[in-house]
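**Q**
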Amino acid sequence: MTAPTSMFSAALVVPAMRDAVAKLNPRDLARNPVMFVTATVAALLTLLLALGEPGLSTGFQLQLVLWLWLTVLFGTFAEALAEGRGRAQAASLRATKAELRAKLMLGVGDTYELVPASQLEKGEIVLVETDDLIPADGEVIEGVASVNEAAITGESAPVIREAGGDRSAVTAGTRVISDRIKVRVTAEPGQGFLDRMIALVEGAERRKTPNEIALTILLVGLTIIFLIAVATIPSFASYAGGAIPVALLAALLITLIPTTIAALLSAIGIAGMDRLVRFNVLAKSGRAVEAAGDVDVLLLDKTGTITIGDRQASEFRALAGVEVDTLAEAALLASLADETPEGRSIVALARERYAIRVEALPAGSDVVPFSAQTRLSGVTVAGVTIHKGAVDSVLKAHPQDESAPTVQELRRMTDEIGRSGGTPLAVIKDGRLLGAIHLKDVVKAGVRERFAELRKMGIRTVMITGDNPLTAAAIAAEAGVDDFLAEATPEDKLALIRREQGEGRLVAMCGDGTNDAPALAQADVGVAMNTGTQAAREAGNMVDLDSDPTKLIEVVGLGKQLLMTRGALTTFSVANDVAKYFAIIPAIFVALYPGLGVLNIMGLATPQSAILSAIIFNALIIPCLVPLALQGVRYRPMPAGPLLARNLSIYGLGGLVAPFAGIKLIDLAVSTLHLA
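The UniProt record's numbering numbers the first residue of the sequence shown as 1 and each following residue consecutively.
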């Protein structure tokens, strides 16, 4: 997936500036009550400026109006810039969704007609051949093919898609690079996976999360309290024998209400979803991202999640009297024409471990392809026949005396492989048994190290598999998970998740198969692998486009980062407002209550300079914090207590210190330039 331009490039900033002005529409502003109040106050002061309020110079009022409108614009700009980054992501996705033509099957043999992909209906069947783009989301119902999914995942390595099993789901816009498949359309027009991705990364379907809603309610409550407090000031001023101009009361209100966090709140949420997309993870809701930040238990399906899912050759085991190099060479020759993942892994093992350098079969070789009926494959080279396959199939094709020592040794050898959780293939050359190939489902590279990281983050990992306990224990030990559930049915997975949730834990589930769908739907965070079935992708509330189960480390980190960013900027905003009070309150009330002059600890030049400096700082702090809101506060794995103390010291203390320094510097500039 193509990364969008840098944060402050002209390609993002210029459209964001236009959108920021468009967002001044009252209907848009009403979604952010604090900024709506700020805009209303700015409009009121604009009207008073036109009418001419006595007691204040026109230049001073004009500057107040200008900076209040800039405060609103900076807030809408932050949201527009975050949305613009999402649109940049969506543009790269939309480029893959040009109008496609589909080969719609007519139901008579392999006849078809070309139709626009947008006209395909759910349930229709299309033919996709080499170099064709898959026209719609669907399930492979016939055939097997290599598919390039780089348009979705950014990875150029092709994947195998075949009828049946957990690798039948295909996505619109991906390209078939070999063979042909028939696909049943599973999505309604305009509702495909890519369509939903585009809508989500553009922010069109983003809804406020519960935490966002709660914080918005708090901000609205504070705004109402300060509005009431400011509204009572004229009566106190009258009692004290004076009057305070409306423009100054408006300035006081804007510095009291939490404009900083209100302006950045929406941008933080949008940027959180955007950062997740940059890791090739699609979240269907912001709620799922937040929940990921608090996950306690991670459940992972074994096949295709912890393991590769394709059995790979791990060992050649030769019978007594047979050199292992001889077995390796025979296995390689029998597999050179085998295009299955198992066949390719046998060739790779023979070349890498035993330095067998045969690159191709000699001319005239007779290849025996694998079939479900024979359960074996092989080749005849220069009159020498080599077969490999299931033990019983090989012995059936080449009858042997069951009491012969070689057969009994082969049986013992293959039984050992089976008990260890592997799959044995027997190899025979011109009627002579050579030994067995040990196939096993290989644990994905780096999984053990990533699970160790999860353990440091306080997350317990549990592997779920349908394998027997012996095989499950071996894979669990190799992968480094904390626990496992063997011989698990879909009902067992569901029961385990409910039990963990019943004990107050937040549960994340990774899976890729149809049998994982109920558990993915039940989990607080359900991460479906993109290589999995359509049912799994629909059930989860996140889809990992790279199909990497350890990606949950990044997902958890981003969830924690989102929560921390919102909390850190809220802390900064509140502390920031407290510091501003020392500038504006003495300036406004010193004429009525001279004793308040002792609060002018910053030594600001004049009351009007103090007021204007506070308003300018209140506006400028918003764009200064936009990079932090969009990039997020850096998350470091550590206990909650030290993490909270660290953030309070940085953003709480920083929120107190920054306004004192900032307002003082602005006051020096204002007084030097005689702006007030």
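Ideal placement from N, C-alpha and C gives every residue a C-beta, glycine not left out.
Need the endpoints of the alpha helix (DSSP H) that N618 sits in, please.
**A** That run of the alpha helix (DSSP H) goes P607 to Q631.
**Q** Using a Cβ-Cβ cutoff of less than 6 Å, which residues in the same chain neighbour A204 once the five nearest sequence positions on both sides are dropped?
**A** For A204, the predicted structure reports a pLDDT of 43, less than 50, and the residue's modelled location is therefore unreliable. A value from the coordinates is still provided. None.
**Q** Would you call the CB atoms of D441 and I308 closer than 8 Å?
**A** Yes, these two residues count as a Cβ contact at 8 Å.
**Q** Applying the 10 Å Cβ sphere with the 16-neighbour rule, what's the burial state of H387?
**A** Classification for H387: buried.
**Q** Would you tell me roughly how many angstroms separate the C-alpha atoms of N577 and R184, rounded to the nearest one?
**A** Position check: residue 577 holds Asp in this sequence, whereas Asn was assumed. Near 59 Å, if we compare the C-alpha coordinates of R184 and D577.
**Q** Going along the chain, which unbroken runs of the beta strand (DSSP E) with 3 or more residues stay wholly within the stretch 318-385?
**A** With a minimum length of 3 residues, the continuous beta strand (DSSP E) runs that stay inside the stretch 318-385 are 366-368 and 376-381.
**Q** Identify, in the order they occur along the chain, each residue of the same chain with its Cβ nearer than 7 Å to the Cβ of V590, setting aside the five sequence neighbours on each side.
**A** Here the set comprises L596, G597 and P607.
**Q** Would you call R311 buried or exposed, if buried means 16 or more other Cβ atoms sit within 10 Å of its Cβ?
**A** The residue in question, R311, is buried, as its Cβ has 16 or more Cβ neighbours within 10 Å.
**Q** Indicate the three-state DSSP secondary structure (helix, strand or coil) for N669 in the structure shown.
**A** At residue 669 the sequence reads Ala, which differs from the Asn that was named. Note: A669 maps to helix in three-state DSSP.
**Q** Where does the unbroken alpha helix (DSSP H) through L604 begin, and where does it stop?
**A** It is not in any alpha helix (DSSP H) - L604 carries neither H nor E in the DSSP assignment.
**Q** With distances taken Cα to Cα, identify the nearest neighbour of residue 686 among S238, T232, V128 and T46.
**A** The structure shown has nothing for residue 686, since the chain only spans 1 to 676.
**Q** For the alpha helix (DSSP H) containing I291, name the first residue and the last one.
**A** It should be pointed out that residue 291 corresponds to Ala in this sequence rather than to Ile. Residues G286 to A292.
**Q** Comparing alpha-carbon positions, which option in G652, T186, A472 and I177 lies nearest V140?
**A** Of the candidates G652, T186, A472 and I177, the one whose C-alpha sits nearest the C-alpha of V140 is T186.
**Q** Report yes if the CB atom of A528 is closer than 8 Å to the CB atom of A539, and no otherwise.
**A** Contact flag set, yes.
**Q** What residues match up with V230 in a beta bridge as DSSP calls it?
**A** According to DSSP, which records beta bridges pairwise, V230 is partnered with nothing at all.
**Q** Would you mind stating whether P369 and V391 have Cβ atoms separated by less than 8 Å?
**A** Going by C-beta atoms, P369 is not nearer than 8 Å to V391.
**Q** Where L648 and A568 are concerned, what is the direct C-alpha to C-alpha distance, given to the nearest angstrom?
**A** Computed Cα separation, rounded: 8 Å.
**Q** Classify R275 as helix, strand or coil using the three-state DSSP reduction.
**A** Correct three-state label for R275: helix.
**Q** Using a 10 Å radius around the Cβ and a threshold of 16 neighbouring Cβ atoms, would you call I428 buried or exposed?
**A** With 16 or more other Cβ atoms within 10 Å, it is buried.
**Q** Tell me which residue opens and which closes the alpha helix (DSSP H) that V246 is part of.
**A** Counting along the chain, the alpha helix (DSSP H) containing V246 begins and ends at V246 to L256.
**Q** Mind checking which residues open and close the beta strand (DSSP E) that includes R161?
**A** Unbroken beta strand (DSSP E) run through R161: V159 to E162.
**Q** Name the residue from S420, G378, R357 and L673 whose alpha carbon lies nearest to the alpha carbon of V367.
**A** Here the closest residue by C-alpha is G378.
**Q** Quick check: the Cα distance between R634 and A11, rounded to an integer number of angstroms?
**A** Using only the alpha carbons, I get a separation of about 26 Å.
**Q** With the cut-off set at 8 Å, would you say S573 and P258 are in Cβ contact?
**A** Yes.
**Q** If you draw a straight line from the C-alpha of V289 to the C-alpha of V295, how long is it?
**A** Cα to Cα, the separation comes out at about 10 Å.
**Q** Going straight from the alpha carbon of G286 to that of M457, what length do you get?
**A** Answer to the nearest angstrom: the Cα atoms are 21 Å apart.
**Q** Starting from the C-beta of L249, find all residues in its chain whose C-beta is less than 7 Å away, skip the five residues before and the five after it, and write them out in chain order.
**A** Result list for L249: V230 and I233, in chain order.
**Q** Thinking C-beta only, is T571 closer than 8 Å to G655?
**A** Result yes, Cβ atoms of G655 and T571 sit closer than 8 Å.
**Q** Near F660, what residues of its chain come up, given a Cβ to Cβ distance below 7 Å and the 5 sequence neighbours on each side ignored?
**A** Cβ within range, chain order: A579 and M602.
**Q** So for Y239, helix, strand or coil by DSSP?
**A** If DSSP states are grouped into helix, strand and coil, Y239 belongs with the helices.
**Q** At what residues does the alpha helix (DSSP H) containing residue 691 begin and finish?
**A** Examination of residue 691 is not possible in this model, given that the chain is present from 1 through 676 alone.
**Q** For M35, which of helix, strand or coil comes out of DSSP?
**A** Of the three classes helix, strand and coil, the one that applies to M35 here is helix, per DSSP.
**Q** So A80 and A30 are in contact, right, with Cβ under 8 Å, and what is the actual spacing, rounded?
**A** That pair is no contact at about 17 Å.
**Q** Can you look up E113 in the DSSP assignment and give me helix, strand or coil?
**A** Strand, per DSSP.
**Q** Please state whether DSSP places I497 in a helix, a strand or coil.
**A** In this structure, I497 counts as helix in the three-state DSSP scheme.
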